[in-house]
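I have placed the structure first, in the form of structure tokens, so that the comments after it can refer back to it.
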Amino acid sequence: MKIRLLAVGSKMPGWVEEGVNTYRKRLPRDFNLEIEEIALGQRGKNADIAKARAQEAQRIRDKLRGDEYLVALEVKGKPWTTEQLAQEADAWRMAGRDIVLLVGGPDGLEPSLSATADKTWSISPLTLPHPLVRIMLAEQLYRAWTLLVGHPYHR
172 MKIRLLAVGS KMPGWVEEGV NTYRKRLPRD FNLEIEEIAL GQRGKNADIA
222 KARAQEAQRI RDKLRGDEYL VALEVKGKPW TTEQLAQEAD AWRMAGRDIV
272 LLVGGPDGLE PSLSATADKT WSISPLTLPH PLVRIMLAEQ LYRAWTLLVG
322 HPYHR
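In structure tokens form, the structure reads like this:
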């Protein structure tokens with residue numbers, strides 16, 4: 172199973188890559204995490220936010236392969252404990268489909284894109300900076316994997 176994170180935004184600081192890679196290199200090949208950056212929609216003074224989100228959504232759609240299980244990260248999504256994430260990941264693995272996690276830009280995901288997702292997930296009710304979200308996702312995926320294989324890391 173491959174897990175792809177399609178995240179709007181680019182040019183992350185070095186500490187983000189370092190943090191994400193800390194957990195990515197610990198994951199086994201059959202629980203691989205790939206990150207693909209999606210360019211921001213055009214923003215600026217008096218920008219049309221709906222148009223920017225639509226541009227981002229189209230760029231995300233262009234990256235989708237059609238047979239993947241989509242999980243949209245949304246503030247109003249369902250919160251999961253680490254144990255629930257491990258159960259979700261186990262179900263993903265058993266279904267034999269690759270997973271795509273969707274993270275929107277500064278204004279979130281376009282609603283029509285979120286509506287097409289198989290699940291919506293809120294990693295926190297807090298407003299988090301996008302660089303930190305990437306690290307948190309990598310760490311939580313690693314923690315979920317350790318639960319599935321009986322490793323004590325999750326304690």
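Counted the way my numbering counts, the sequence shown spans residues 172 to 326.
In this text, a Cβ means the ideal position worked out from N, Cα and C, and glycines have one as well.
Quick caveat, the model's predicted, so the values are computed rather than measured.
Using the Cα positions of G180 and M265, report the straight-line distance between them to the nearest angstrom.
-> Residue 180 sits at position 9 when you count from the first residue of the sequence shown. Residue 265 sits at position 94 when you count from the first residue of the sequence shown. Taking the CA atoms as reference points, G180 sits about 31 Å from M265.
How would you label G285, buried or exposed, when you count the other beta carbons within 10 angstroms and need 16 or more for buried?
-> Here residue 285 refers to the residue found at position 114 when the sequence shown is read from its first residue. In the sequence as displayed, the identity of residue 285 is Ser instead of Gly. Counting Cβ neighbours within 10 Å, S285 comes out buried, since at least 16 surround it.
If I'm right that I294 touches L244 with Cβ under 8 Å, what's the distance once you round it to whole angstroms?
-> Along the sequence shown, one-based indexing puts residue 294 at 123. Along the sequence shown, one-based indexing puts residue 244 at 73. Separation of the CB atoms of I294 and L244 is rounded to 6 Å, and the pair is thereby assigned contact status at 8 Å.
Please go through the segment 278-304 and give each complete alpha helix (DSSP H) segment of 4 or more residues, from N-terminal end onward.
-> Qualifying alpha helix (DSSP H) stretches, in chain order: 282-286.
Which residues in the same chain have their Cβ closer than 8 Å to the Cβ of A225, if we skip the five residues on either side of it in sequence?
-> As a working note, residue 225 is residue 54 in the sequence shown. Contacts found: G212, E281.
N-terminal and C-terminal residue of the alpha helix (DSSP H) that V187 is part of = Your numbering for residue 187 matches position 16 in the sequence shown. Counting along the chain, V187 sits inside the alpha helix (DSSP H) bounded by residues 185-195.
Pairwise C-alpha distance: K290 and G248 = Looking up residue 248 in the sequence shown gives position 77. Looking up residue 290 in the sequence shown gives position 119. Distance from the CA atom of G248 to the CA atom of K290, rounded to whole angstroms, is 8 Å.
Starting from the Cα of K196, find the closest Cα among R236, L312, H322, L303 and give me that residue.
-> Residue mapping note: residue 196 aligns to position 25 of the sequence shown, counting from 1. Looking from the CA of K196, the closest CA among R236, L312, H322, L303 belongs to L312.
Spatial distance of K222 from G215 (CA atoms) | Sequence index remark: in the sequence shown, residue 222 carries index 51 (1-based). Sequence index remark: in the sequence shown, residue 215 carries index 44 (1-based). Using only the alpha carbons, I get a separation of about 12 Å.
E227 burial status per 10 Å Cβ neighbour count (16 or more: buried) = Along the sequence shown, one-based indexing puts residue 227 at 56. With 16 or more other Cβ atoms inside 10 Å of its own Cβ, E227 counts as buried.
Is it right to say R236 is buried, meaning 16 or more other beta carbons lie within 10 angstroms of its own, or is it exposed?
-> Residue numbering aside, residue 236 sits at position 65 when the sequence shown is read from its first letter. By the 10 Å Cβ count, R236 comes out exposed.
List the residues that DSSP assigns as beta-bridge partners of R264.
-> Numbered from 1 along the sequence shown, position 93 holds the residue referred to as residue 264. Beta-bridge pairing links R264 to no other residue.
Name the DSSP bridge partner or partners of R175?
-> Locating residue 175 in the sequence shown gives position 4, where the first residue counts as 1. The bridge partners DSSP lists for R175 are E205, V271.
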